[in-house]
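Colleague: Plus 398 on top of the position in the sequence shown (first one is 1) and you've got our numbering. From the three backbone atoms N, C-alpha and C, an ideal C-beta is built for every residue, glycine too. Since the structure is predicted, the reported quantities are computational estimates derived from the model, not experimental observations. Handing you a structure now.
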Amino acid sequence: MLTIKFGGTSVGDGHRIADVAKIVASLREQRGAPVAVVSAMAGVTNRLVEAASTAAAGDGERYRAIANALWVQHEAAARACLPESLQADVLREIRRQVDLLSSLCQSIHVLGECTPRAMDLVSGLGERMSVRLVAGALAGLGVPAEPVEACDLIITNGRFGAAEPLWEETRRRSRERLLPLLERGVVPVITGFIAATPEGVPTTLGRGGSDYSAAIIGSCLDSEEIWIWTDVNGVLTADPRLVSNARTLPELSYIEAAELSYFGAKVLHPKTMLPAIERRIPVRIKNTFEPDHPGTLIVAEPRPSRHVVKAITAIRDLTLVTVEGRGMIGVPGVAAKVFGAVAREGVNVLMISQSSSEQNICFVIPREATERAVQALRSDLSHELARRDIERVEALAPVAIVAVVGAGMRGTPGIAAKAFGALARGGINIIAIAQGSSEYNISFCVDGERMAEAVSLVHDEFDLGTPNGAM
Ligand code: ADP
Ligand code: ASP
Ligand code: MG
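See below:
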């Protein structure tokens, strides 16, 4: 049995949904009923977040306009992908979700704040609408299908916005609910992204989290494979929006895919690989716009490739924070203090580097966390700053992290030198460097404005645009 997931672009309008239904129907013919996990229609989650945020900020109009636009969008999709006989039922259900959005936003507006808990409830409404459209489109093709809300299946802790599954309970509930449907040949169409606590309070797995939903469900059902259907031909050697000659990677290892997603390849949510690795379930990335393209297969041991470096990724909108001072030399505990302050603020540190003279520590954080992090540092290090042991705490933005990823890099000398040489020739300054202890990646920090250029230069240097290039 397969677990298959369709992203936002794949269900972007009624015609796309009709295409998705055809893909599901044909897979069911070939391999028995799959489990389908579905994202919200493209752009919907962003608009839901905007509705809640603007309502919290005192705007009583914007959320109404958004609710209206979402209704229009889903109604048009329903008219395009459902037979007339099914439209009324599905639209009634969608109307309920749109009305729920309005009333939630009204409360948020009155309260003047949107708690993480409320945000999870609002931002998950898109999936609750899209599953109805996909299940309806399947029924229209004569394929038995049932929309299922993942709140009944994926049970998580209460970490709103980045909830983690409680595995035993999730496995039990998923099997109990889904296996009987599959036995009868019914395709469950499950909401991606959302889940709930054991008490039934809605949570989300984080933005882009539908991939993770599919991996969780796939693992709990011991699926043969997990297929992530998206809008590109698999995992490419770089983001095709940045590098025009990026090429599909036919096979990748779990570790390479995990590193790629962690360092910014949006095609996979960073947590997707974990459940797959544990149960050694192969993951395929496929293109709904080109269903016959083989895409990328991710397994434990891929066929050997001539390429030592597999792909170049990038993360944008970051800040480099530098803590510097001569008084830091040989003084134990400064690093602990620095990272303690940042951790207390809940700020995610993406990269750390320390100069060998110990005169400075620098690290990279999301740009939106700059204020919080710098304030926490200045307050926790106020003594050291007053004594001038630490001379400055400084933030530089925007910066980007560019990462060179590939399992074959381990034990292959000269990779860093080659990448840095290419950047130097392009006149791009490397602000900081870090090598993961895994040796499956080397990442470096560059001026955010030159990120795309840096990715292209390194991509060309390793000849990644040609299948049998040198490295
Ligand atoms: P979905 O809505 O299907 O989840 P996403 O937009 O989340 O799709 O992810 C797919 C996008 O990821 C692609 O359109 C592409 O621009 C981007 N991307 C970034 N890096 C890569 C890469 N290395 N390979 C493929 N796609 C990538
Ligand atoms: N709809 C959610 C988001 O936009 C989850 C996903 O698409 O994977 O983040
Ligand atoms: Mg995605």
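#1: Flag R639 as yes when its Cβ comes closer than 7 Å to any non-hydrogen atom of the ligand ADP, and as no otherwise.
#2: Taking the alpha carbon of R526 as the point to measure from, which residue in D550, T513 and S505 has its own alpha carbon closest?
#3: Do V587 and P542 have their beta-carbon atoms positioned less than 8 Å apart in this structure?
#4: State buried or exposed for S608, treating a residue as buried only when at least 16 other CB atoms are found within 10 Å of its CB.
#5: Measure the Cβ-Cβ separation of E782 and G738 and say whether it is below 8 Å.
#6: Any chance the CB of D629 is under 7 Å from a heavy atom of the ligand MG?
#7: Spatial neighbours of T810 within its chain, please: CB distance less than 6 Å, with the 5 preceding and 5 following residues excluded, ordered by chain position.
#8: Could you give the residue range of the beta strand (DSSP E) that holds A636?
#9: Can G538 and L480 be called in contact, C-beta distance under 8 Å?
#10: Within the continuous beta strand (DSSP E) that includes F761, where are the two ends?
#11: Assuming G693 contacts I683 (C-beta within less than 8 Å), just tell me the rounded distance between them.
#12: Is the beta carbon of T720 closer than 8 Å to that of E792?
#13: Would you mind stating whether P563 and I614 have Cβ atoms separated by less than 8 Å?
#14: My understanding is that A589 touches A561, with C-beta atoms under 8 Å, so please give their C-beta distance in whole angstroms.
#15: At the level of alpha carbons, what is the spacing between N643 and A795?
#16: Going by DSSP in three states, I506 sits in which element: helix, strand or coil?
#17: Can you list the alpha helix (DSSP H) stretches of 4 or more residues lying completely in the stretch 833-860, in chain order?
#18: In this structure, how does DSSP classify K377 when only helix, strand and coil are distinguished?
#19: Taking DSSP as the reference, what is the three-state secondary structure of D715?
#20: Roughly how many angstroms separate the alpha carbons of S780 and V844, rounded to a whole number?
#21: Can you grab the Cα-Cα spacing for the pair Q396 / G606, in whole Å?
#22: With a Cβ-Cβ cutoff of 8 Å, do V409 and M439 count as a contact?
#23: Just checking, does the stretch 643-657 make contact with the stretch 411-425 on the three C-beta pairs under 8 Å criterion?
#24: For a minimum of 3 consecutive residues, which ranges assigned as the beta strand (DSSP E) are wholly contained in the stretch 798-827?
#25: My guess is that T554 and T595 are in contact by the Cβ rule of under 8 Å, so how many angstroms apart are they, rounded?
#26: Does K403 come out as helix, strand or coil in the three-state DSSP assignment?
#27: Roughly how many whole angstroms lie between the Cα atoms of M399 and A431?
#28: Which class does M869 belong to by DSSP, given the choice of helix, strand or coil?
#29: Whose C-alpha, out of R414, V856 and S617, is nearest the C-alpha of D637?
#30: Would you kindly work out how many angstroms separate the C-alpha atoms of A805 and P702, rounded to a whole number?
Modeller: A quick look at the data gives this:
#1: yes
#2: D550
#3: no
#4: buried
#5: no
#6: no
#7: V706
#8: It is not in any beta strand (DSSP E) - A636 carries neither H nor E in the DSSP assignment.
#9: yes
#10: N758 to P764
#11: 5 Å
#12: yes
#13: yes
#14: Before going on, a small fix: residue 589 reads as Thr here, not Ala. In fact, because the Cβ distance is near 14 Å, the residues do not count as touching under 8 Å.
#15: 29 Å
#16: helix
#17: 849-859
#18: Residue 377 is absent from the structure shown; the chain starts at 399 and stops at 869.
#19: strand
#20: 29 Å
#21: The requested residue 396 does not occur in the structure, where the chain is confined to residues 399 to 869.
#22: yes
#23: no
#24: none
#25: 6 Å
#26: strand
#27: 7 Å
#28: Only weak support exists for where M869 lies, its pLDDT of 41 falling under 50; the value from the coordinates is given anyway. If DSSP states are grouped into helix, strand and coil, M869 belongs with coil.
#29: V856
#30: 10 Å
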